[in-house]
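What follows is a set of notes on a single structure, which appears directly below.
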Amino acid sequence: PATGGVLAFVSKPGFDPNLFVDGIDSQSWKDLNEDWKRPLINRALRGLYPPGSTFKPFMAMAALESGFRDPGYTIADPGYFTLPGSSHRFRDSKPAGHGTVNLFKSIQVSSDTYYYKLAWDMGIDRIAPELAKFGLGSVTGIDLDHEAKGVLPSKEWKTRRFAAKRYREEHRRWLPADVVPIGIGQGYNAYTPLQMAQATAILANNGVVFKPHVVKEIVDTQTGTRTQVEPQPVRDNHFKPQNVDFVKSAMAAVLKPGGTAARLGGNLAYEMAGKTGTAQVVQIKQGAKYNAAALAEQHRDHSWFIAFAPVAEPKIAIAVIVENGGWGAAAAAPIARQLTDFYLLGDQAASRLVPPPAQQGAEDASESD
Numbered sequence: 005p006a007t008g009g010v011l012a013f014v015s016k017p018g019f020d021p022n023l024f025v026d027g028i029d030s031q032s033w034k035d036l037n038e039d040w041k042r043p044l045i046n047r048a049l050r051g052l053y054p055p056g057s058t059f060k061p062f063m064a065m066a067a068l069e070s071g072f073r074d075p076g077y078t079i080a081d082p083g084y085f086t087l088p089g090s091s092h093r094f095r096d097s098k099p100a101g102h103g104t105v106n107l108f109k110s111i112q113v114s115s116d117t118y119y120y121k122l123a124w125d126m127g128i129d130r131i132a133p134e135l136a137k138f139g140l141g142s143v144t145g146i147d148l149d150h151e152a153k154g155v156l157p158s159k160e161w162k163t164r165r166f167a168a169k170r171y172r173e174e175h176r177r178w179l180p181a182d183v184v185p186i187g188i189g190q191g192y193n194a195y196t197p198l199q200m201a202q203a204t205a206i207l208a209n210n211g212v213v214f215k216p217h218v219v220k221e222i223v224d225t226q227t228g229t230r231t232q233v234e235p236q237p238v239r240d241n242h243f244k245p246q247n248v249d250f251v252k253s254a255m256a257a258v259l260k261p262g263g264t265a266a267r268l269g270g271n272l273a274y275e276m277a278g279k280t281g282t283a284q285v286v287q288i289k290q291g292a293k294y295n296a297a298a299l300a301e302q303h304r305d306h307s308w309f310i311a312f313a314p315v316a317e318p319k320i321a322i323a324v325i326v327e328n329g330g331w332g333a334a335a336a337a338p339i340a341r342q343l344t345d346f347y348l349l350g351d352q353a354a355s356r357l358v359p360p361p362a363q364q365g366a367e368d369a370s371e372s373d
């Protein structure tokens, strides 16, 4: 987080690069391009996904930094949110709700209802500029070509996106309900894993932004001179320390008893802060229940986990997505734990990992209408 150096950059499924050495044959090229898993796409750099509930810590920071919420603001979470004058329910992943929820608990237990209401109350005009501070909706400037920009929704973005003549005027307008799913990382939100890792690093680094880079050093082949790539600071967001500390503490609670990734936090040799996410790929109808087994693989929820560690002095920030992997705590989070253990503990890492939960639930998958 404090240098911008990239430790690992992985995209799967991959392909055999040897196919291209002497010129790829037409059938192999056709197979690669028609594969629905799209192995030629560098997902870490160009894959765009709704972030699901990994978005919530950044929403919390937006609320605190803008002065729109204080940590003690509390709601009653009945398991859904309705707009004034509407019967439509934006559902929470926990049908019975989480009861009384404040900002800290909203991150720890991943209350969708809290963030539906927060997004509705704030409005997109307040949300977008605060979230932009985390680099969302902008290229990071990494030293690799063809990075995707992502989508940080705004009224201006929607007008541009639906400007073509085939769209009616009402498609271009920002509708009141558009903002509600934004709060839980659904709706028009779309970011790369790199952007989510960068946003996590910015939070871990107390708002200071560094340009990410994969090159560690440059070697002159003629002289053998080695030139280290120096960290490139971009800006300092000057976040209020109490706000950053609050959100970090809530993310640390995610891996402790009562948190959505409590099992993953077992036997940790360091303190980790994280956030689970389960992002919908297809919309579930009102009154219907999500059933992964009834869906084609490519329509199942994505599994997300973001994290940094150690909390007091972060040395690593990470974002993991498992496409169509389901529950964030079950698929993506164990991968993040293994990577972080390996980086911080080395050879001692393997003996400390607690097996992931067997249940494939819907930790925080919610409607994205």
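Under the numbering used here, the letters of the sequence shown match residues 5 to 373, in that order.
Every residue, glycine too, gets a C-beta built ideally from N, C-alpha and C.
All figures in this text were calculated on a predicted structure; none of them were measured in a lab.
Residue i - DSSP class collapsed to helix/strand/coil
| i | result |
| --- | --- |
| N106 | strand |
| G71 | coil |
| G187 | helix |
| W308 | strand |
| V10 | coil |
| V143 | coil |
| A313 | strand |
| Q364 | Any answer about Q364 is weak, because its pLDDT of 42 lies below 50 and its placement is not dependable; what the coordinates show is given next. Three-state DSSP puts Q364 in coil, outside helix and strand. |
| R172 | coil |
| P261 | coil |
| P180 | helix |
| A43 | Residue identity differs from the one stated: residue 43 is Pro in this sequence, not Ala. Three-state result, P43: coil. |
| T227 | coil |
| G300 | It should be noted that the sequence gives Ala, not Gly, for residue 300. It is coil, neither helix nor strand. |
| A273 | coil |
| V113 | coil |
| V248 | helix |
| L148 | coil |
| Y120 | helix |
| F59 | helix |
Start and end residues, alpha helix (DSSP H) containing residue i
| i | result |
| --- | --- |
| I131 | I128 to A136 |
| V326 | That residue, V326, is in no alpha helix (DSSP H); its beta strand (DSSP E) goes I320 to V326. |
| D345 | A336 to L349 |
| L268 | Segment: none, L268 is in no alpha helix (DSSP H) and carries neither H nor E. |
| N22 | Counting along the chain, N22 falls outside any alpha helix (DSSP H), and DSSP gives it neither H nor E. |
| S376 | Because the chain is modelled from 5 through 373, residue 376 falls outside the range shown and cannot be assessed. |
Residue i - containing beta strand (DSSP E), residue span
| i | result |
| --- | --- |
| A1 | Since the first residue of the chain shown is 5 and the last is 373, residue 1 is not available in this structure. |
| T86 | Y84 to T86 |
| K279 | A277 to A283 |
Paired residues, beta bridge with residue i - DSSP
| i | result |
| --- | --- |
| D240 | V212 |
| R93 | T86 |
| Y195 | Y53 |
| E221 | Q232 |
| V155 | A194 |
Beta-carbon proximity list for residue i, same chain, < 8 Å, skipping 5 on both sides
| i | result |
| --- | --- |
| G211 | K137, D240, N241, H242, F243 and V248 |
| L348 | A273, Y274, A313, P314, K319 and I320 |
| A194 | L52, Y53, P54, G154 and V155 |
| S15 | I45, N46, R47, A48, L49 and G51 |
| I339 | F309, V324 and V326 |
| V251 | P61, A64, M65, L68, I111 and L207 |
Proximity winner among the options, relative to residue i (alpha-carbon distances)
| i | options | result |
| --- | --- | --- |
| I111 | A266, I322, Y195 and I339 | A266 |
| I79 | A311, P43, D125 and K34 | D125 |
| V285 | R50, A256, Y192 and A12 | Y192 |
| E151 | L135, L52 and A205 | L52 |
| G262 | L23, H102, T58 and V25 | H102 |
| A100 | T282, G228, S115 and R177 | S115 |
| L122 | S32, D74, R304 and E173 | D74 |
| W331 | F346, F309 and A340 | F309 |
| R176 | P185, R165 and I186 | R165 |
| I325 | E317, A316 and A335 | A335 |
| D35 | F19, V25 and D26 | F19 |
| A277 | I339, S97, G139 and L259 | L259 |
| Q131 | D96, P197, F72 and Y171 | It is Ile, not Gln, that sits at residue 131 in the sequence shown. Nearest of D96, P197, F72 and Y171 to I131, Cα basis: F72. |
| T280 | G228, N37, S90 and T204 | T204 |
Residues of its chain near residue i, where Cβ-Cβ distance is below 7 Å and the 5 sequence neighbours each way are ignored
| i | result |
| --- | --- |
| Q302 | W40 and N328 |
| Y118 | I79, D81, V105 and S110 |
| H217 | G8, G9, V10, I146, D147 and V233 |
| I45 | G51 |
| L343 | A12 and I322 |
| W178 | I128, K159 and K162 |
| A181 | L87 |
| V219 | D147 and V233 |
| A362 | Residue placement at A362 cannot be trusted, given a pLDDT of 49 that sits under 50; the coordinates are not used to answer. |
| K98 | G83 |
Close-in-space but distant-in-sequence residues of the same chain around residue i (CB under 6 Å, 5 per side omitted)
| i | result |
| --- | --- |
| P235 | T7, G8 and F214 |
| F59 | G189 |
| L299 | none |
| Y120 | F85, F94, V184 and G187 |
| V113 | H102 |
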